[in-house]
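Only one structure is covered here, and it is reproduced in the block below.
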Amino acid sequence: MKKISTLLIIIATLFTLSCEKENFSNPEFSSSELFVYNWLTAGIVPVNEELKIDPMISPVQGTDISWYLNGTLVEEATNQPSFTYQRPEKREDDVLKLVVKRGEITREYTMTLSLRVDFFLPKEYQHKVVGFIASDATDKDIDWANLTHLIVSSAVVDASGAVEAPSLGKINLSNLIETAKKEGVYVLLSVSDNIDPVTGRGPWGNANFIQAIETKEDELIANIVAELENNKYYGVNIDCNLTNPMITEEQALKVKAFVAKLHEALPDKDGGGKMLLSMNAFPVWNDNVIQSWATISEVDWFNLVAYGFDDIVSHHHARYDATFTSGANKWLGYGVPKEKLVLGISAYGVRYDWPTDGTAVGWSNASLYTSHVSYKNIVNAHSGAEVSTKNHGDYSSGYIDEASGIFFDSLISAEEKANAVITNQWGGVAVYSVEQDTHDEKSLTKKLYQVLNNQ
Numbered sequence: 001m002k003k004i005s006t007l008l009i010i011i012a013t014l015f016t017l018s019c020e021k022e023n024f025s026n027p028e029f030s031s032s033e034l035f036v037y038n039w040l041t042a043g044i045v046p047v048n049e050e051l052k053i054d055p056m057i058s059p060v061q062g063t064d065i066s067w068y069l070n071g072t073l074v075e076e077a078t079n080q081p082s083f084t085y086q087r088p089e090k091r092e093d094d095v096l097k098l099v100v101k102r103g104e105i106t107r108e109y110t111m112t113l114s115l116r117v118d119f120f121l122p123k124e125y126q127h128k129v130v131g132f133i134a135s136d137a138t139d140k141d142i143d144w145a146n147l148t149h150l151i152v153s154s155a156v157v158d159a160s161g162a163v164e165a166p167s168l169g170k171i172n173l174s175n176l177i178e179t180a181k182k183e184g185v186y187v188l189l190s191v192s193d194n195i196d197p198v199t200g201r202g203p204w205g206n207a208n209f210i211q212a213i214e215t216k217e218d219e220l221i222a223n224i225v226a227e228l229e230n231n232k233y234y235g236v237n238i239d240c241n242l243t244n245p246m247i248t249e250e251q252a253l254k255v256k257a258f259v260a261k262l263h264e265a266l267p268d269k270d271g272g273g274k275m276l277l278s279m280n281a282f283p284v285w286n287d288n289v290i291q292s293w294a295t296i297s298e299v300d301w302f303n304l305v306a307y308g309f310d311d312i313v314s315h316h317h318a319r320y321d322a323t324f325t326s327g328a329n330k331w332l333g334y335g336v337p338k339e340k341l342v343l344g345i346s347a348y349g350v351r352y353d354w355p356t357d358g359t360a361v362g363w364s365n366a367s368l369y370t371s372h373v374s375y376k377n378i379v380n381a382h383s384g385a386e387v388s389t390k391n392h393g394d395y396s397s398g399y400i401d402e403a404s405g406i407f408f409d410s411l412i413s414a415e416e417k418a419n420a421v422i423t424n425q426w427g428g429v430a431v432y433s434v435e436q437d438t439h440d441e442k443s444l445t446k447k448l449y450q451v452l453n454n455q
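Okay, so the sequence shown: first residue is 1 according to UniProt numbering, each after it adds one.
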């Protein structure tokens, strides 16, 4: 122990002698020297939490320091070498700027301050703009700024009650849902029979969904809930195909009971409350058979599929009078509250090319002479197509004089439909499907969002 004590005394003595010989002084800077270290260009902050931005400014003495938040001088932080930022409850980024001046030297540094999304903060809106997204889509097909809800189409039901997850091409579902969370857009999963990804309509006579409800209801509900939970969806859309003409009122009531039972089984969504539940409704010749669906109180809104009505004569497949407004009025009469009615608008057109050799055209062979073209392809191939219009008496549509005619919703007819939603105080619109739309000034989705939300 004596040796250790002696060693400590020697070390202390050497340290003291060393300090006596060292002559410390502050560094000197010329008037042309100014240094800023430890500056970051981005920060991510949870709502209501603070982030201290503390760069190393050298020299501080004789340097003017100014902090600007979104272009406005923060006076109380003037000449303070650090800044404390508190994140407000909003999705938009803030921009913090540091300006330092010393003599004739001025340096500026900016930092983007983003929201760290620990919970879902939905965007505010006046009317819903729901976008369906189907297969062969990419991340660039989603215009987050002009959507309030996104429905992924679709998980296909088998008669056994199994649910096949949707195929989204190049989209990573997990990344999509995380991006939606940051953008304040709800993402729902559509559950359906087999459907055509271009038109959103099913093949004639396909009734697997109804069959599964009748025979495997518990398994079906469990499989749907598992798909929702495993992928962190915010809700589910029920698309029970009505192209099966054999559906009965009794079966429709079974669907109604199934939807109520599914709602009971739905888990809470992020932020609390039940997951969202929407349902497709159809303005067709036998929709009186399924009118009981209109009074399913658990449904948050109904997507009226007011498109996809190809014909054996050339006209618009999504007529304003025969499907959009009349279909809406019919379902309102069945009992749908007006704020729960979301009107479907298609982002594709129908190209008719009737035979010229005298072949008779009827329902059995009409599909041989019709094809579906995305809105994006129509406007890219035909200059001015986005503002084209054909007057049909009670309504208008986009129109290209090619073959026997291409009919589609243009910006003009889409705006007519959006104005009808506003006038009648309906819930909004649903676009099928967003990957068939453009993402520039010709965009249907953008036009609809601007009209419906006063932008």
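By construction, the Cβ of each residue, glycine as well, lies at the ideal position given by its N, Cα and C atoms.
Since this is a predicted model, take the numbers as computed values, not measurements.
The C-alpha of V185 lies about 32 Å from the C-alpha of A381. In this structure the segment 117-136 touches the segment 175-194; the number of beta carbon pairs closer than 8 Å is three or more.
In this structure, G235 is the residue among G235, Y352, S82, E298 with its C-alpha nearest to the C-alpha of G272.
The segment 428-436 and the segment 91-100 do not touch, with fewer than three beta-carbon pairs separated by less than 8 Å. Under the three-state reduction of DSSP, T423 is assigned to helix. Burial of K330 is indicated by the presence of at least 16 other C-beta atoms within 10 angstroms of its C-beta.
Shortest Cα-Cα distance from G62 to any of V74, E33, T41 involves E33. Residue range 83-86 is occupied by the beta strand (DSSP E) that includes Q86. As the crow flies, the alpha-carbon of L228 is around 36 Å from that of V379. DSSP, read as helix, strand or coil, puts W144 in helix. Between E217 and F258, the CB-CB gap stays under 8 Å. For the options H315, W301, D311, the alpha carbon positioned closest to that of V336 is the one of W301. Cβ-Cβ distances below 7 Å link I221 to K261, L262, A265 in the same chain, with the five nearest sequence neighbours on each side left out; the list follows chain order.
Taking the Cα positions, V361 is about 26 Å away from V305. Inter-residue distance for Y375 and E104 is about 57 Å (C-alpha atoms, whole angstroms).
Around the beta carbon of Y37, a 10 Å sphere encloses fewer than 16 other beta carbons of the protein chains shown; the residue is thus reported as exposed. In the three-state scheme derived from DSSP, where H, G and I count as helix and E and B as strand, V451 is classed as helix.
For the pair G349 and G398, the CB atoms are nearer than the 8 Å cut-off. The C-beta of T41 has fewer than 16 other C-beta atoms within 10 Å across all chains shown, which makes the residue exposed. Between the beta-carbon of V255 and that of N303 there is about 15 Å, and that puts the pair past the 8 Å contact cut. Counted as a single uninterrupted DSSP element, the alpha helix (DSSP H) harbouring K181 occupies residues 173-183. 8 Å or more divides the Cβ of M275 from the Cβ of W293.
Spanning the alpha carbons of A162 and C240 requires a straight line of approximately 15 Å. R107 has V100 as its beta-bridge partners, per DSSP. Cα atoms of N288 and E249: separation of roughly 9 Å, rounded to the nearest angstrom.
Per DSSP, H149 is one residue of the beta strand (DSSP E) stretching across 149-157. Shown here, L121 sits in coil according to DSSP, grouped into three states, outside any helix or strand. For F209, the three-state secondary structure derived from DSSP is helix. Non-local beta-carbon contacts of G405 in its own chain, meaning distances under 7 Å to residues more than five positions away in sequence, involve S314, Y352, Y399 in chain order.
It is roughly 23 Å from the alpha-carbon of N365 to the alpha-carbon of D401. With distances taken between CA atoms, E164 lies nearest to S153 out of K170, I171, N172, S153. Of all alpha-carbon atoms in Y85, T106, W204, the one lying nearest the alpha-carbon of L115 is that of Y85. The alpha carbon of L150 has as its nearest neighbour, out of A159, D139, V157, the alpha carbon of D139. In this structure, the beta-carbon distance from A159 to S190 does not fall below 8 Å.
By the neighbour-count definition (other C-beta atoms within 10 Å, threshold 16), S433 is a buried residue.
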